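A.B. asks: Here it is: the structure, laid out below.
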Amino acid sequence: MSRAIRGLSLAIVAAFAHSPLAANGEILIDDFVDSAMAVSPDMANEFVESKDVGDLSANRSIRVAAFPRPTVAKLDANATKPSSLTMDLTSVNVGNVLFPQVAFQFNYEFSATDLTGGGKYDAIFVDFDYLVATSAAPQFRVLLFLADAVYPGTVTSTFAGNIISDEPFTVVIPFNDLTPRGGGPAIDKLLPVTRANLEVLDFWTNDQSSWSGRISAIRIGQIPEPTSFGISAVVLLAATSRRRRYARIRR
Numbered sequence: 090m091s092r093a094i095r096g097l098s099l100a101i102v103a104a105f106a107h108s109p110l111a112a113n114g115e116i117l118i119d120d121f122v123d124s125a126m127a128v129s130p131d132m133a134n135e136f137v138e139s140k141d142v143g144d145l146s147a148n149r150s151i152r153v154a155a156f157p158r159p160t161v162a163k164l165d166a167n168a169t170k171p172s173s174l175t176m177d178l179t180s181v182n183v184g185n186v187l188f189p190q191v192a193f194q195f196n197y198e199f200s201a202t203d204l205t206g207g208g209k210y211d212a213i214f215v216d217f218d219y220l221v222a223t224s225a226a227p228q229f230r231v232l233l234f235l236a237d238a239v240y241p242g243t244v245t246s247t248f249a250g251n252i253i254s255d256e257p258f259t260v261v262i263p264f265n266d267l268t269p270r271g272g273g274p275a276i277d278k279l280l281p282v283t284r285a286n287l288e289v290l291d292f293w294t295n296d297q298s299s300w301s302g303r304i305s306a307i308r309i310g311q312i313p314e315p316t317s318f319g320i321s322a323v324v325l326l327a328a329t330s331r332r333r334r335y336a337r338i339r340r
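My numbering puts the first residue of the sequence shown at 90, with every later residue one more than the last.
Shown next, in the form of structure tokens:
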């Protein structure tokens with residue numbers, strides 16, 4: 090069982106074109122079979138790039154963003170565990186900064202793509218093996234950059250809170266829950282996308298803060314038929330294997 094559901098925070102980046110499919114009928118953004126590693130403080134704020142990642146043949150860049158430095162942390166794909174993105178924050182240099190920040194960032198650039206698959210898909214799925222912390226729970230955020238003639242370069246985002254679990258779970262971000270980053274109502278339709286930025290971050294940490302997490306896949310798919318109340322942000326928790334049950338976060 091998960092220790093607690095503390096919330097979740099996300100945002101996404103978008104643009105236009107094709108809709109390649111994973112073998113299971115979904116668009117696979119990343120399953121982390123392409124190896125890469127970023128460590129702090131030696132490589133703090135430096136991106137490590139990989140090419141031709143996932144179904145979108147994306148250019149992926151990962152890094153540990155830390156302020157102030159030095160912060161001891163590591164982010165790696167297909168190293169600590171095969172086919173996984175592993176995050177470990179060991180210690181933070183708080184210094185005199187009011188809100189020190191540590192972020193594990195993994196960004197994807199690809200040809201303009203209709204992530205809805207012509208209306209077939211309605212959400213982003215992020216499969217976590219776990220996300221645990223000794224202090225304040227980290228947040229998760231997704232940014233989608235839109236490339237549309239009417240709204241060029243618009244960034245949409247959605248925020249819900251923080252989540253902690255020591256068992257596998259899936260974060261689900263419905264497209265119709267996304268809002269403009271600068272504020273405003275939820276979008277009516279997800280426009281084509283060229284870039285997606287994701288990050289796990291911590292703003293409210295201290296010298297004793299530490300946390301770790303692991304992601305096995307990022308994918309685009311369709312949310313199962315909802316029950317009587319609506320979905321804004323969804324977390325699927327696994328009791329055994331990769332079978333999941335729903336726990337919905339209502340805002």
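Every residue gets a Cβ at the ideal spot worked out from N, C-alpha and C, and that includes glycine.
Treat the numbers as computed from the prediction; the structure is a model and nothing was measured.
Spatial neighbours of Ala112 within its chain, please: C-beta separation below 8 Å, excluding the five flanking residues on both sides.
C.D. replies: Looking up residue 112 in the sequence shown gives position 23. Interpretation of Ala112 is limited by its pLDDT of 43, a score under 50 that renders its predicted location unreliable; the figure taken from the coordinates is listed afterwards. Excluding residues within five positions, none has a Cβ falling inside 8 Å.
A.B. asks: Terminal residues of the continuous beta strand (DSSP E) containing Gln311?
C.D. replies: The residue labelled residue 311 in the question sits at position 222 within the sequence shown. Gln311 -> no beta strand (DSSP E), and no H or E assigned at all.
A.B. asks: Which ranges does the beta strand (DSSP E) cover as unbroken runs of at least 3 residues, wholly within the region 247-280, from first to last along the chain?
C.D. replies: Those beta strand (DSSP E) runs which fall completely within the region 247-280 and span 3+ residues are 258-263.
A.B. asks: Taking buried to mean at least 16 other C-beta atoms within 10 Å of its own C-beta, is Thr259 buried or exposed?
C.D. replies: Working through the sequence shown from its first residue, we reach residue 259 at position 170. Buried: at least 16 other Cβ atoms inside 10 Å.
A.B. asks: Taking just the CA atoms, how far does Gly302 sit from Ala154?
C.D. replies: For the purposes of this step, residue 154 is taken as residue 65 along the sequence shown, with counting starting at 1. For the purposes of this step, residue 302 is taken as residue 213 along the sequence shown, with counting starting at 1. So the alpha carbons of these two residues sit roughly 16 Å apart.
A.B. asks: Report buried or exposed for Thr223, applying the criterion of at least 16 other Cβ atoms within 10 angstroms of its Cβ.
C.D. replies: By one-based count along the sequence shown, residue 223 stands at place 134. Flag for Thr223 reads exposed.
A.B. asks: If you count every other CB in all the chains shown that lies within 10 Å of the CB of Val161, and 16 or more means buried, which is it?
C.D. replies: Locating residue 161 in the sequence shown gives position 72, counting from the first residue. Its Cβ being crowded by 16 or more others within 10 Å, Val161 is buried.
A.B. asks: Please look up how many angstroms separate the CB atoms of Val191 and Asp255, rounded, as I've assumed it's under 8 Å.
C.D. replies: Residue numbering aside, residue 191 sits at position 102 when the sequence shown is read from its first letter. Residue numbering aside, residue 255 sits at position 166 when the sequence shown is read from its first letter. With a Cβ gap of about 20 Å, Val191 and Asp255 do not count as contacting.
A.B. asks: So, do the region 134-147 and the region 174-181 have three or more beta carbon pairs nearer to each other than 8 Å?
C.D. replies: The region 134-147, when compared against the region 174-181, does not touch it at the 8 Å Cβ threshold.
A.B. asks: Given a threshold of 16 other Cβ atoms within 10 Å of its Cβ, counted over all protein chains shown, does Glu342 qualify as buried or as exposed?
C.D. replies: The displayed coordinates of the chain run from 90 to 340. Any statement about residue 342 would go beyond what the structure contains.
A.B. asks: How is Ala133 classed by DSSP in three states: helix, strand or coil?
C.D. replies: The residue you call residue 133 lines up with position 44 of the sequence shown. Ala133 falls in the coil class under three-state DSSP.
A.B. asks: Excluding the 5 residues preceding and the 5 following Arg149 in the sequence, name in chain order all residues of the same chain whose CB lies nearer than 6 Å to its CB.
C.D. replies: Locating residue 149 in the sequence shown gives position 60, where the first residue counts as 1. Result list for Arg149: Ser139, Val142, Tyr197, in chain order.
A.B. asks: Starting from Leu204, follow its DSSP beta bridges and name the residues at the other end.
C.D. replies: For the purposes of this step, residue 204 is identified with residue 115 of the sequence shown, where counting begins at 1. Note: Leu204 sits in no beta bridge, so no partner.
A.B. asks: From Phe105 to Leu235, what does the alpha carbon distance come to, in whole angstroms?
C.D. replies: If you number the sequence shown from 1, residue 105 lands on position 16. If you number the sequence shown from 1, residue 235 lands on position 146. For Phe105, the predicted structure reports a pLDDT of 23, less than 50, and the residue's modelled location is therefore unreliable. A value from the coordinates is still provided. Approximately 8 Å between the Cα atoms of the pair.
A.B. asks: Start and end of the beta strand (DSSP E) containing Leu145?
C.D. replies: Here residue 145 refers to the residue found at position 56 of the sequence shown. First-last for Leu145: undefined, no H or E at that position.
A.B. asks: Select from Leu279, Ala127, Gly271 the residue whose C-alpha is nearest the C-alpha of Asn167.
C.D. replies: Against the sequence shown, residue 167 aligns to sequence position 78. Comparing Cα-Cα distances from Asn167 to each of Leu279, Ala127, Gly271, the minimum goes to Ala127.
A.B. asks: Is the distance from the Cβ of Pro269 to the Cβ of Asp211 below 8 Å?
C.D. replies: The residue you call residue 269 lines up with position 180 of the sequence shown. The residue you call residue 211 lines up with position 122 of the sequence shown. Not a contact, by the Cβ cut-off of 8 Å.
A.B. asks: Just the Cα atoms here: how many angstroms apart are Ser299 and Tyr219?
C.D. replies: Sequence index remark: in the sequence shown, residue 299 carries index 210 (1-based). Sequence index remark: in the sequence shown, residue 219 carries index 130 (1-based). Going by the C-alpha atoms only, they are around 14 Å apart.
A.B. asks: Could you give the distance in angstroms between the alpha-carbon of Pro281 and the alpha-carbon of Asp266?
C.D. replies: The sequence position of residue 281 within the sequence shown is 192, counting from 1. The sequence position of residue 266 within the sequence shown is 177, counting from 1. Rounded to the nearest angstrom, the two C-alpha atoms are 16 Å apart.
A.B. asks: Suppose the cutoff is 7 Å on Cβ atoms and the five residues either side in sequence are ignored; what does the same chain contact list for Val122 look like?
C.D. replies: The sequence position of residue 122 within the sequence shown is 33, counting from 1. Asn167, Ser172.
A.B. asks: Please name the residue, chosen from Asn286, Phe217, Ile252, Pro130, that lies closest to Gln228 on a Cα-to-Cα basis.
C.D. replies: Within the sequence shown, the letter at position 139 stands for residue 228. Of the listed residues, the one whose Cα sits closest to Gln228 is Ile252.
A.B. asks: Are the CB atoms of Ala147 and Phe193 within a distance shorter than 8 Å?
C.D. replies: For the purposes of this step, residue 193 is identified with residue 104 of the sequence shown, where counting begins at 1. For the purposes of this step, residue 147 is identified with residue 58 of the sequence shown, where counting begins at 1. Taking 8 Å as the Cβ cut-off, Phe193 and Ala147 do not qualify as a contacting pair.
A.B. asks: Classify Thr316 as buried or exposed, calling it buried when 16 or more other Cβ atoms lie within 10 Å of its own Cβ.
C.D. replies: Locating residue 316 in the sequence shown gives position 227, where the first residue counts as 1. Caution is warranted here: a pLDDT of 49 is assigned to Thr316, below 50, making its placement in the model unreliable, and the coordinate value is therefore given only provisionally. Thr316 comes out exposed.
A.B. asks: Would you list the one or two residues that DSSP bridges to Asn167?
C.D. replies: Position 78 of the sequence shown holds residue 167. Note: Asn167 sits in no beta bridge, so no partner.
A.B. asks: Based on the DSSP output, what are the partners of Phe234 in its beta bridges?
C.D. replies: The sequence position of residue 234 within the sequence shown is 145, counting from 1. Bridge partners of Phe234: Val244.
A.B. asks: Where do the ends of the beta strand (DSSP E) carrying Thr179 lie?
C.D. replies: Along the sequence shown, one-based indexing puts residue 179 at 90. First-last of the beta strand (DSSP E) with Thr179: 174-180.
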